[in-house]
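Protein chains in written order, with the numbering used here: chain A, 1 to 225; chain B, 1 to 880.
Each residue gets a CB set at the ideal place from its N, CA and C atoms; glycine is no exception.
Scroll down for the structure; my scribbles are underneath it.
Here's what the structure looks like:
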């Protein structure tokens, strides 16, 4: 079942002489339960692609369908609501709120929706993240890996259709990196979570079902593993 | 509470100091609004109280109403209270006022004594129908001497005209024919002799009890309502809702058409035809009546009174200034708070928070701050207005001898106004920040430094800065430029405070100069002027100069000599462009100052007073003002008016103003002097000063001015008042007036300076928040500067320079605008007096000092915090 379809996605920054084409008519689709890695050099356009899929930025041209819905036909607010229900975002710099503890940071997307989650589900999630004994800690009391696990928890808690991870291991040592990658793989396998991950580390990309290489804003190569 | 709101609370707690300072800002703003509204409400209530004290609490009086009718009134829902008085009749007394030859005996119930304008001066209220109160003007106006404790018998009867019509207090004394004061057309009939004891002295009752033209002095005894019979004067006070229809109600009571009646009392202009119809209607009225319209207007529609309207406009303008200033300052606090949280908002957006949620979040923050600031502000505002009113009463007690005093009232309207305006202020302040926060895109959280966009060209600093202040100087200069908009608000707040302070200080000093000038121009403390009837009264006046406390005095009588021929000085006629008529009459005043003073005056000029018979000292130096229409300026020049020389003789006529009797006057000029005798320093017209004897030989007058110099003007005033008891005179106590004016200006000063201080404090909260937050935001930058080896000394120098740059910028704008404004005030207020403009130098100095002290203190405060930080920690934390 196709969960994501990207059609002719184009993003141009700047005007006239200063024009930069970040994405140039990119098209591909992702099936439910797939783990896709997007690789490419710095400035190849992979982050732009991820932001567009996540609906945090709007394209110059082209369309993105998530679960059959054209997300850019939504206005900003509707898009925001769609995002918090259907898309989980994981960033390189975690982007946790420093004055909220682990549990609160994880619960944030649900809270925005005035929803809550039963204690058991939360406990299971924290256990899976290996954060069950850190639930009341503030971000600056955690290691980088723990912070990133928190942000993965935040992405998973809403049971999103799609998880987008932007260089989730870019800021971590190799041990923590392995942990994070394992965690993502686990959620993909056990929960059937669809994941799109950006990385420039070929080793990490290997764990994906499929690797898409972006060069100069175009898809250069697609490899299924 | 949702997580989002909890987040806000956490953020507020985290920035405790800024939160508190913002709350203080809101509190001050609300307090100021509350205080202004409360003082206005108290002032209005004080006017109502004053009116009720003067004329009683009743809204309308029906005269001579049958008691049966009163019953229907009592049961009416619109009526709050009714007070009855009974007319017991008139009695002749030996009054000197021929239009007021009676006393009018009235029976007051217990309630009437309490609620109508019965103001005891001495003694007590009557307790039964053999005791009476007498008014003070029975003695002062009628010259009938009765005192508390006296027993008196009146032959009480009805006032009837020769035709036999009964008259009352609404009818003036009736005279036969057109020539008033000759033969009375009325008398008192059916007299009964009654004896009373005087138990109290009261002030003259208000006009709704005794009209100005009434023919009898009101004498009041006590009656019981149950014993009343026949007719009564009915004083009606309406209920709160009833008073709104007071005029309609009254018209119905009077049995006349209410439409025109209501319109005319509402102050509408009627056509001639309507007026005719109205007077027809009123002629048909069942009773005589009298409104306390002023009270009705004050209670129903205070803005109908022009003074109140003016005040209301002033209040609105002041409140508008407060709201605008507050919005300006508090806005900045929100702005800072939002800028600081840009990344947080971006992150919230990226996990799916809607714009509306972010906006609501900012307003939630505003609501929280308001929930603390507004109630505190209201309490503080009422407290401040309470204190202000007490202080005002102390200061104005002297000025309003009429018994007007401010009374504090707690006004729900003021609370409501403060709450509403407070909410408006806060939401206006938060509005822009809310929009700004909602505009944050999710990408802003990913890009690390989205809030600082620097263009290198804008940041180039003049080389001189680097040469003068070194690298630190350059960094601080660039910083001010980078955070231009943030510092602009700080600079503007300082500018506003500085401008307001300088201009208002200038205003105050001009006002006090005015008082000083007034007192400087007179060399006496008290003056008495009087028209005397006979030599006995004149002697009484003269005797006042030998009272204790009198140190010097002049007894001045003047007359005008009319003479033929042109004696104007050429310089004078040229200056005022006068073309004198050679044969026309000209005038010069002649004055005597009392023998003692004249002798002193002669001695000061080296003349022998004994040889001054028919000789005069000419004093015609004066400052002549000339208004030039083309330049709109008043010029002045000091010169002589006449060309008389020593040994010249002035020959002419004086005229007695009363009898028109003309007397030949001839004096030889013995000296020309610039100096005038004591007491006449501020008389600017030309004078011939002569001895009393010479004056008596050439003029007649019944008017005298006496000037006293004393070191205890209040005591002397008392003594003069005792001495001149029962005479008509005019006393002017300069010291007291000076004191009153000083008090009045002090009061204005308290209000103005209070206003400046609070407005400035609101500004200070803003400055504090801007500077401390900026310091906080620049922590990493400071940490970096230190990590590359900037020493403590260089660091402090850099911060001091930043204060200097900011303060200088604020003062560069603030001082010139302040001076300009103070000149404008000078132009409108005192330019006419011809005094030169004085630069408000002291105020400027204070402003400069205050600005630098303030900025340095705040800088030092936030530096103290930053120095404690760990350099590495700060750099590391940046990425969380």
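Buried/exposed call for residue i, threshold 16 Cβ in 10 Å
i             : result
residue 59/B  : buried
residue 793/B : exposed
residue 116/A : exposed
residue 153/B : exposed
residue 583/B : exposed
residue 365/B : buried
residue 454/B : Any reading at residue 454/B must be qualified, since the residue scores a pLDDT of 49, below 50, and its modelled position is unreliable; no value is offered.
residue 197/A : buried
residue 162/B : exposed
residue 605/B : exposed
residue 167/A : buried
residue 390/B : exposed
residue 537/B : buried
residue 240/B : exposed
Residue i CB to nearest heavy atom of the ligand HEM below 7 Å
i             : result
residue 797/B : Ligands in the displayed structure: none, and consequently the ligand HEM is not present.
From the options, residue whose alpha carbon lies closest to that of residue i
i             : options                    : result
residue 496/B : 591/B, 819/B, 866/B, 276/B : 819/B
residue 318/B : 774/B, 752/B, 412/B        : 752/B
residue 184/B : 719/B, 849/B, 696/B, 99/B  : 99/B
residue 67/A  : 59/A, 51/A, 82/A           : 82/A
residue 325/B : 763/B, 702/B, 384/B, 542/B : 763/B
residue 341/B : 105/B, 129/B, 8/B          : 8/B
residue 127/B : 115/B, 571/B, 626/B, 109/B : 109/B
residue 233/B : 116/B, 618/B, 620/B, 861/B : 116/B
residue 73/B  : 249/B, 157/B, 45/B, 52/B   : 249/B
residue 95/B  : 510/B, 215/B, 20/B, 160/B  : 215/B
residue 216/A : 25/A, 191/A, 98/A          : 25/A
residue 225/A : 36/A, 7/A, 55/A            : 36/A
Residue i versus residue j: straight-line alpha-carbon distance, rounded
i             : j             : result
residue 448/B : residue 491/B : The pLDDT assigned to residue 448/B is 48, lower than 50, so where the model puts this residue is not dependable; a value taken from the coordinates is nonetheless given after this. Cα-Cα distance, rounded: 29 Å.
residue 534/B : residue 541/B : 11 Å
residue 373/B : residue 367/B : 10 Å
residue 859/B : residue 425/B : 28 Å
residue 451/B : residue 443/B : For residue 451/B, the predicted structure reports a pLDDT of 45, less than 50, and the residue's modelled location is therefore unreliable. A value from the coordinates is still provided. Looking at the two C-alpha atoms, the distance is approximately 12 Å.
residue 805/B : residue 477/B : 7 Å
residue 62/B  : residue 290/B : 7 Å
residue 247/B : residue 266/B : 9 Å
residue 707/B : residue 694/B : 21 Å
residue 145/A : residue 121/A : 22 Å
residue 270/B : residue 264/B : 7 Å
residue 512/B : residue 22/B  : 37 Å
residue 3/B   : residue 49/B  : 54 Å
residue 17/A  : residue 49/A  : 23 Å
residue 159/B : residue 84/B  : 21 Å
residue 70/A  : residue 64/A  : 6 Å
residue 10/B  : residue 815/B : 42 Å
Bridge partners - residue i, DSSP secondary structure assignment
i             : result
residue 552/B : 709/B
residue 216/B : 102/B
residue 586/B : 563/B
residue 37/A  : 197/A, 211/A
residue 222/B : 108/B
residue 175/B : 184/B
residue 653/B : 562/B, 664/B
Next on the checklist: By the 7 Å beta-carbon criterion, what residues does the segment 739–763 of chain B contribute toward chain A?
Outcome noted: none
Checklist entry - Using Cβ-Cβ distances below 9 Å, what residues of the segment 778–797 of chain B are close to chain A? => result none
Checklist entry - Got a sec: which bits of the segment 191–221 of chain A sit with their beta carbon under 7 Å from any beta carbon on chain B, in order along the chain? => result none
Next on the checklist: Short of 7 Å Cβ to Cβ, which residues in the segment 163–176 of chain A face chain B?
Outcome noted: Legend: CB atoms of the segment 163–176 of chain A lying less than 7 Å from CB atoms of chain B are not found in any residue.
Checklist entry - Going along the segment 53–68 of chain A in order, which residues come within less than 7 Å of chain B, judged by CB to CB distance? => result 56, 57
Item to check | Members of the segment 102–120 of chain A that neighbour chain B once the beta carbon cut-off is set at 9 Å | outcome: 104, 107, 108, 109, 110, 111, 112, 113, 114
Next on the checklist: Output needed in chain order: residues of the segment 340–352 of chain B with a Cβ under 9 Å from some Cβ in chain A.
Outcome noted: 343, 344, 346, 347, 348, 349, 350, 351, 352
Checklist entry - Going along the chain, which residues of the segment 6–18 of chain A sit with their C-beta nearer than 9 Å to a C-beta in chain B? => result none
Next on the checklist: To be precise: take each residue of the segment 21–51 of chain A, compare its Cβ to all Cβ atoms of chain B, and keep it if any distance is under 9 Å. Which residues remain?
Outcome noted: 47, 51
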